[in-house]
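Protein chains in written order, with our numbering: chain A, 39 to 147; chain B, 230 to 395.
Right, here's the structure in full:
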């Protein structure tokens with residue numbers, strides 16, 4: 039498979055995530071859109087790692103495995119991020135009884 | 230047309246359609262379900278690229294653990310009776326235009342790049358197998374691996390501290 043198909047697919051998924059973050063106001067849905075963007079980047083990293091492997095396999099038998107390990111570490115960080123972020127959202131719901139981010143403009147004043 | 234492009238297009242259409250449904254469906258519960266379908270489609274892409282370890286970890290960690298966490302939080306707060314104020318349509322339109330412009334700029338930049346000759350190897354190659362990834366992880370990336378365990382510990386402590394009633 040040519041690499042540009044994977045690039046276009048990842049770009050499209052990433053932009054859908056950005057549009058979701060910009061247009062939705064439910065904090066949980068915004069959080070899910072961030073996960074979508076992380077997954078688009080993961081897919082691109084795996085595709086590039088396989089591309090790199092195909093080019094350099096003769097020189098280095100494990101060429102390109104760095105990209106897949108970065109995906110692994112992104113998943114680790116995403117799991118930690120989700121646990122803390124959802125705790126913050128639950129805290130916010132407990133205080134203002136809503137997850138609408140428009141109620142969060144009190145930081146302005 | 231071989232079986233690989235057909236699988237690629239099916240998985241891509243599935244991922245893009247489900248991603249669009251994530252941001253357009255009104256009910257957050259439906260968004261979670263569509264997002265799980267996106268994760269399964271991306272896992273299918275990993276399998277197509279022969280990254281088997283990442284495909285399994287993606288299903289276990291994302292579709293299994295993280296989305297269950299989302300579902301739990303959604304079920305903890307009943308958002309049914311929440312009366313949503315009328316939405317600002319211009320703000321939504323501005324967000325969609327901004328995202329669309331970014332898509333346009335990125336695609337226009339990629340059109341100029343000389344990438345069409347590069348091939349991503351599908352259905353062969355063994356760097357995605359758990360044996361090779363484990364060797365690289367525990368030879369070259371031991372320190373980040375251990376640091377990530379500290380990150381998990383601090384995230385756990387932080388979540389408990391935030392969630393605790395004062």
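Cβ coordinates follow ideal geometry from the N, Cα and C atoms, glycine included.
None of these values were measured; they are calculated from a predicted model.
Contacts of residue i in chain A (Cβ-Cβ under 7 Å)
i, result
"residue 273(B)", "Simply none; closest approach about 11 Å."
"residue 371(B)", "Going along chain A, no residue has its Cβ under 7 Å from residue 371(B), so there is no contact; the nearest lies around 11 Å."
"residue 321(B)", "61"
"residue 328(B)", "53, 56, 57, 60"
"residue 357(B)", "106"
Closer than 7 Å to chain B by CB, residue i
i, result
"residue 56(A)", "yes"
"residue 75(A)", "no"
"residue 45(A)", "yes"
"residue 114(A)", "yes"
Partner residues on chain A for residue i, Cβ-Cβ distance less than 8 Å
i, result
"residue 385(B)", "121"
"residue 306(B)", "128, 131, 137"
"residue 278(B)", "84, 85, 88"
"residue 294(B)", "117"
"residue 392(B)", "125, 128, 129"
"residue 232(B)", "Under the 8 Å cutoff, chain A gives no residues; its nearest Cβ is about 12 Å from residue 232(B)."
"residue 350(B)", "88, 89, 91, 92"
Residue i Cβ short of 6 Å to the ligand MG heavy atom set
i, result
"residue 297(B)", "Within the structure as shown, the ligand MG is missing, as the structure has no ligands at all."
DSSP bridge partner residues for residue i (one or two, in chain order)
i, result
"residue 348(B)", "40(A)"
"residue 64(A)", "138(A)"
Contact set between residue i and chain A, taken where Cβ atoms lie within less than 9 Å
i, result
"residue 324(B)", "56, 57, 58, 59, 60, 61, 62"
"residue 251(B)", "54, 55, 58, 67, 70, 71, 74"
"residue 299(B)", "66, 69, 70, 73, 120, 124"
Listed by chain order, chain B residues near residue i by CB distance under 9 Å
i, result
"residue 141(A)", "None at all; the shortest Cβ gap to chain B is about 10 Å."
"residue 31(A)", "Past the boundaries of the shown model lies residue 31(A); chain A is included only from 39 to 147, so the question cannot be answered."
"residue 134(A)", "Those do not exist, as residue 134(A) stays about 11 Å from chain B at its closest Cβ, beyond 9 Å."
Contact with chain A by residue i, beta-carbon distance below 7 Å
i, result
"residue 235(B)", "no"
"residue 367(B)", "no"
"residue 353(B)", "no"
"residue 284(B)", "no"
"residue 245(B)", "yes"
"residue 378(B)", "no"
"residue 269(B)", "no"
"residue 242(B)", "no"
"residue 347(B)", "yes"
"residue 317(B)", "no"
"residue 344(B)", "yes"
"residue 199(B)", "Not covered by the structure: residue 199(B). The range shown for chain B is 230 to 395."
"residue 382(B)", "no"
Listed by chain order, chain B residues near residue i by CB distance under 7 Å
i, result
"residue 49(A)", "332, 335, 336"
Contact list for residue i against chain B, beta-carbon separation under 8 Å
i, result
"residue 79(A)", "Under the 8 Å cutoff, chain B gives no residues; its nearest Cβ is about 11 Å from residue 79(A)."
Subject >> At least three beta-carbon pairs within less than 8 Å, the segment 330-343 of chain B to the segment 285-299 of chain B >> reply: no
**OP:** Could you pull out every unbroken alpha helix (DSSP H) segment of at least 4 residues lying fully inside the segment 323-382 of chain B, listed in chain order?
**Re:** 359-369
Original post:
Three or more beta-carbon pairs under 8 Å between the segment 57-72 of chain A and the segment 341-354 of chain B, yes or no?
Top reply: no
Subject >> Completely contained alpha helix (DSSP H) runs for the segment 246-292 of chain B, where each covers 4 or more residues >> reply: 257-277, 281-286
Original post:
Quick check: the segment 81-94 of chain A against the segment 275-284 of chain B, are there 3 or more CB pairs under 8 Å?
Top reply: Touching, yes.
Original post:
Which ranges would you report for the alpha helix (DSSP H) in the segment 55-141 of chain A if only whole runs of at least 4 residues count?
Top reply: Here the runs fully enclosed are 65-94, 103-134.
Original post:
Three or more C-beta pairs closer than 8 Å, one from the segment 287-295 of chain B and one from the segment 248-263 of chain B: is that the case here?
Top reply: no
Original post:
Is it true that the segment 232-246 of chain B meets the segment 268-275 of chain B, where meeting means three or more beta-carbon pairs spaced less than 8 Å apart?
Top reply: Between the segment 232-246 of chain B and the segment 268-275 of chain B there are three or more C-beta pairs closer than 8 Å, enough to call the two in contact.
Original post:
If you pair each beta-carbon of the segment 381-388 of chain B with each one of the segment 136-144 of chain A, do three or more pairs fall below 8 Å?
Top reply: no
Original post:
Quick check: the segment 355-365 of chain B against the segment 91-101 of chain A, are there 3 or more CB pairs under 8 Å?
Top reply: Because the criterion of three Cβ pairs below 8 Å is met, the segment 355-365 of chain B and the segment 91-101 of chain A touch.
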